[in-house]
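For reference, the structure discussed in these notes is given below.
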Amino acid sequence: MTGLGETLQFIFNKGLFFLVWILPGFLYAQSAQHTREDCHYHIHGIVVDQARKPIAGATIIIKELAKGDATKINGEYKIEDICAGSYTMVCSYIGYEPDTVIIQLSESNKYLTQNFRLNERDIELQTITIVEQKLPIPALQPTEQLQGLELESTRGKSLGESLKSITGVTTIQTGPSISKPVIHGLHSNRILILNAGIRQEGQQWGSEHAPEIDPFVASSLSVVKGAAGVRYGPDAIGGVILVEPAPLPITPGLGGELNLVGWSNNRQGVASGILEGNLKKASAWSWRLQGTAKRAGNAKAPGYYLKNSGVQEFNFSSAVGYRKKNVGGEIFYSRFQTKNGIFAGAHIGNITDLERAIEYGAPLPEYESGFSYKIGRPYQQVTHQLLKAKAFLTSAHLGKFTLTYARQHNYRGEYDLHRPRGSNENTPELEYTLRTHTADLIWEHKPIKQFITGSAGITTFWQSNVIGGRYLIPNFRNRGIGVFVIERITQKKWEAEVGIRYDYRLLEVFRLRNGVRYEPTFHFSNFAGSVGASYKLNSNLSFSANLGTAWRPPAINELFSDGVHHGAAAYEKGDTSLVPETAYNFTVSTRYEHEKWNAEIGVYQNYIDQYIYLMPVFPPVLTIRGAFPSFRYTQVDAVFRGVDAMVSYKVLTFATLQSKLSLIRAINRSTDQPLPFIPADRLENTVKFDIPHIDKLNHLHLQIALSSVHVSKQRRTPANSDYAPAPEGYTLFNAETSFSLPALHQAEIGLGVSNIFNTSYKDYLNRFRYFTDEMGRNFTVRLKFKF
13 MTGLGETLQF
23 IFNKGLFFLV
33 WILPGFLYAQ
43 SAQHTREDCH
53 YHIHGIVVDQ
63 ARKPIAGATI
73 IIKELAKGDA
83 TKINGEYKIE
93 DICAGSYTMV
103 CSYIGYEPDT
113 VIIQLSESNK
123 YLTQNFRLNE
133 RDIELQTITI
143 VEQKLPIPAL
153 QPTEQLQGLE
163 LESTRGKSLG
173 ESLKSITGVT
183 TIQTGPSISK
193 PVIHGLHSNR
203 ILILNAGIRQ
213 EGQQWGSEHA
223 PEIDPFVASS
233 LSVVKGAAGV
243 RYGPDAIGGV
253 ILVEPAPLPI
263 TPGLGGELNL
273 VGWSNNRQGV
283 ASGILEGNLK
293 KASAWSWRLQ
303 GTAKRAGNAK
313 APGYYLKNSG
323 VQEFNFSSAV
333 GYRKKNVGGE
343 IFYSRFQTKN
353 GIFAGAHIGN
363 ITDLERAIEY
373 GAPLPEYESG
383 FSYKIGRPYQ
393 QVTHQLLKAK
403 AFLTSAHLGK
413 FTLTYARQHN
423 YRGEYDLHRP
433 RGSNENTPEL
443 EYTLRTHTAD
453 LIWEHKPIKQ
463 FITGSAGITT
473 FWQSNVIGGR
483 YLIPNFRNRG
493 IGVFVIERIT
503 QKKWEAEVGI
513 RYDYRLLEVF
523 RLRNGVRYEP
533 TFHFSNFAGS
543 VGASYKLNSN
553 LSFSANLGTA
563 WRPPAINELF
573 SDGVHHGAAA
583 YEKGDTSLVP
593 ETAYNFTVST
603 RYEHEKWNAE
613 IGVYQNYIDQ
623 YIYLMPVFPP
633 VLTIRGAFPS
643 FRYTQVDAVF
653 RGVDAMVSYK
663 VLTFATLQSK
673 LSLIRAINRS
683 TDQPLPFIPA
693 DRLENTVKFD
703 IPHIDKLNHL
713 HLQIALSSVH
723 VSKQRRTPAN
733 SDYAPAPEGY
743 TLFNAETSFS
753 LPALHQAEIG
763 LGVSNIFNTS
773 YKDYLNRFRY
783 FTDEMGRNFT
793 VRLKFKF
């Protein structure tokens with residue numbers, strides 16, 4: 013084991029007690045050691061409503077400095093680097109009365125906690141907003157969010173790649189063009205994605221079926237880590253990803269933005285625009301139009317191009333909303349369309365060549381190519397449409413009722429490298445059409461004694477899947493209903509939440525087997541529950557813990573797969589005897605915030621009974637489509653344990669050092685052996701420079717980030733669990749800068765380079781690592797214009 017690997021192993025095995033208990037105590041002791049620099053004062057706090065529920069998106073401004081912050085999902089804000097003196101702070105949010113306070117920063121009061129509690133008001137026609145009505149994020153579960161400049165730096169990337177900067181989140185890839193998020197080692201059917209408040213329903217069971225979502229739709233991306241079955245329903249064993257559009261405009265007029273992104277490696281170009289407005293003569297109405305176009309050619313690994321790895325993408329969304337004080341509604345529509353090339357060197361004609369390609373570890377000579385934008389066979393073509401209609405009604409005595417209906421239409425066509433003789437070039441070998449209808453009714457009751465809040469709801473869905481082409485999974489109908497209740501108590505220093513949910517699922521399958529119609533029916537049902545609490549020791553240190561359960565019925569592919577999974581370049585075999593998974597998840601976290609130091613440490617343990625995974629079967633399978641690695645679905649009792657840690661230190665007023673660490677161990681509890689295809693240890697170090705105003709450069713706002721990412725070799729793999737050994741660990745170096753000039757009318761420019769030294773490496777979670785290296789050096793240019 014390498015020196016770094018041994019160090020990480022020591023931290024994981026011996027250091028949890030130190031990380032969770034000793035380190036917070038040390039940091040707490042350090043809170044008494046204040047620095048004496050004149051402009052290092054710090055203000056932070058939380059903004060809540062009358063029911064003491066956190067308000068996300070509230071604005072806090074120091075009038076004299078024109079400096080402020082917006083609250084995060086949990087209602088918290090932070091303003092740093094303020095000089096001593098007396099200031100006026102204003103907290104405001106649409107639909108609430110603003111609150112103004114006078115504060116004094118002095119030597120004896122350098123770390124001020126200033127909380128705000130806003131009162132709801134009647135909304136005038138001139139100040140109308142449309143706000144996405146959704147259940148609040150569970151603040152008692154580990155939650156991280158990308159917004160603002162952090163989100164801007166990811167523009168042009170896929171949803172999975174955009175989330176990799178969050179601790180505990182990585183991706184499972186299929187070549188350079190397809191990636192999907194992994195939270196604490198879990199992905200696909202174990203992670204829910206809420207797109208504009210709607211549960212995303214596509215063919216998410218496939219490891220190479222990336223989420224059909226345009227990240228440009230979102231003004232923030234949030235990740236809820238751990239089992240969240242009560243709030244979001246079955247399948248939320250690993251966590252939830254929230255893709256949240258910005259609120260519709262609140263004042264009459266027209267506005268928007270244009271984003272342009274270019275990459276050097278695959279010569280990718282992205283253009284995305286937003287146009288939105290509020291009607292001057294009917295200001296209860298607001299609207300938005302958004303669109304994105306993307307084109308990329310063959311990606312380049314160090315030394316060679318990856319043949320047929322291009323991407324074409326065209327997306328569109330629109331929204332219109334109406335809102336008054338006690339009633340409102342919104343209609344949202346989005347269309348996502350993509351064509352993804354599949355690396356041609358992963359589809360090989362015979363077992364001898366397959367074994368030769370795996371041993372070679374790079375494209376065989378017959379699959380080498382230069383750069384091209386052309387996408388030929390094999391490739392995927394996907395279209396996803398979402399239509400949402402929502403209405404709410406607020407009663408002074410009963411609370412708020414929200415009714416939401418959504419319809420989704422998902423089409424996926426998969427085209428093999430070798431099409432059947434006599435077939436049309438444009439006819440897919442695999443074809444899926446999935447239609448999903450969902451309807452939810454949520455009641456948020458009025459606060460009880462001002463500190464007890466809660467909600468109850470009923471959720472329903474109906475979906476059907478029709479297949480075409482050769483067989484991989486059968487036709488099916490899937491129906492379900494769920495009911496839940498959640499209650500929360502909020503006090504000055506602590507809060508607690510408890511919830512329970514029941515769900516029922518009915519799966520009906522329709523297939524022909526040897527000329528005989530086969531129609532099995534499966535019934536699944538279970539309860540989910542959660543209990544959580546948090547305690548704020550002082551303005552610097554807080555603790556939280558959560559115990560939750562969730563469950564997941566086996567997916568259609570796990571039960572009935574039997575054939576070549578084209579995109580994954582693998583032969584997969586299901587098992588109809590599989591039973592539902594049940595997860596028992598415990599998380600505990602500690603957060604410390606100080607003038608210069610910030611740290612957050614989370615420890616989790618997730619017991620999953622009857623965990624389903626793909627186990628390699630030897631030797632490879634030879635079909636008329638070629639030779640492919642073979643896998644079958646099986647079940648074991650498993651446990652996932654891990655640590656997410658972040659620490660940052662402000663060296664200077666404009667310079668910050670930050671480190672992020674993610675460790676995970678996944679064990680088969682029956683054999684005490686590791687599970688395959690689990691993320692390796694990951695350590696990221698960054699130095700950030702943030703210079704708000706450079707007077708000599710026309711008040712330029714400059715930001716620079718230099719980072720290194722080290723991923724260790726995954727040494728915890730069971731014997732005979734893969735067709736090739738886990739690749740070596742790797743270290744990548746990246747750099748990025750962004751700047752904006754007031755003279756350019758809110759224009760922002762970003763420049764970056766990833767994999768600076770053009771390192772050749774393979775990632776353990778890339779299904780095509782058998783055949784090719786990862787993408788090499790890549791320069792990025794980002795331009796953003798607001799109007």
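For reference, each letter of the sequence shown is one residue, going 13 to 799 in my numbering. Virtual Cβ for every residue (Gly too), placed ideally from N, Cα, C.
Option in the options with minimal Cα separation from residue i
i	options	result
Thr364	Leu634, His396, Gln758 and Pro193	Leu634
Glu815	Leu714, Gly382, Pro730 and Lys796	Any question about residue 815 goes unanswered here, given that the chain covers just 13 to 799.
Thr472	Lys306, His409, Ile210 and Arg389	Ile210
Gly877	Pro704, Leu718 and Phe799	Because residue 877 is not part of the residues shown, which for the chain are 13 to 799, the question remains open.
Thr179	Gln185, Pro188 and Pro193	Pro193
Phe689	Gly322, Phe769 and Tyr776	Tyr776
Lys75	His54, Arg64 and Ser98	Ser98
Gln324	Ile387, Glu367 and Val576	Ile387
Thr465	Arg64, Tyr53 and His56	Arg64
Phe344	Phe328, Asn352, Ile354 and Asn338	Phe328
Ser537	Tyr514, Ser295, Ile370 and Pro459	Tyr514
Pro227	Leu204, Leu163, Arg243 and Ser724	Leu163
Buried or exposed (CB count within 10 angstroms, at least 16 for buried), residue i
i	result
Ala248	buried
Val255	buried
Cys103	buried
Ser232	buried
Tyr530	exposed
Asp61	buried
Asn790	buried
His409	exposed
Leu260	buried
Lys306	buried
Ile454	buried
Arg368	exposed
Thr112	exposed
Gln462	exposed
Thr83	buried
Whole-angstrom C-beta distance between residue j and residue i, which should lie under 8 Å
i	j	result
Gly197	Ala678	5 Å
Ile493	Ser467	Not really, about 17 Å apart at Cβ, beyond 8 Å.
Lys312	Asn277	5 Å
Gly250	Arg300	31 Å between Cβ atoms; not a contact.
Trp217	Ala611	About 38 Å separates the two Cβ atoms, so there is no contact after all.
Gly3	Phe383	The question about residue 3 has no answer, for the chain in this structure spans 13 to 799.
Gly289	Gly265	6 Å
Asp621	Thr588	With 8 Å as the limit, Asp621 and Thr588 do not qualify as a contact, their Cβ atoms being about 19 Å apart.
Asp693	Leu675	5 Å
For residue j and residue i, the rounded distance between their alpha carbons
i	j	result
Trp297	Phe326	28 Å
Gly245	Pro154	18 Å
Phe780	Gly357	9 Å
Ile512	Gly560	10 Å
Arg500	Leu291	38 Å
Leu318	Leu763	25 Å
Thr186	Ser733	19 Å
Glu437	Arg431	7 Å
Arg175	Gly168	Correcting the residue identity first, residue 175 is Leu in this sequence and not Arg. For Leu175 and Gly168, the distance between alpha carbons rounds to 12 Å.
Ala759	Glu269	10 Å
Gly614	Phe555	10 Å
Gly57	Tyr89	6 Å
Gly172	Thr182	8 Å
Val475	Lys458	The question names Val, but residue 475 is Gln in the sequence shown. So the alpha carbons of these two residues sit roughly 34 Å apart.
Ser660	Asn552	14 Å
Lys402	Asn422	21 Å
Ala331	Gly340	14 Å
Contact with chain B by residue i, beta-carbon distance below 8 Å
i	result
Thr155	Protein chain content of the structure displayed is limited to a single chain, and chain B is not contained in it.
### Message
With three or more beta-carbon pairs closer than 8 Å as the criterion, would you say the segment 85-104 touches the segment 527-546?
### Response
No: fewer than three Cβ pairs fall under 8 Å.
### Query
Touch check for the segment 381-401 and the segment 414-430: three-plus C-beta pairs under 8 Å?
As far as the Cβ criterion goes, the segment 381-401 touches the segment 414-430, which means the pair count is three or higher.
### Task
Count the C-beta pairs between the segment 542-553 and the segment 572-591 that are closer than 8 Å, then say yes if the count reaches three, no if not.
The segment 542-553, when compared against the segment 572-591, does not touch it at the 8 Å Cβ threshold.
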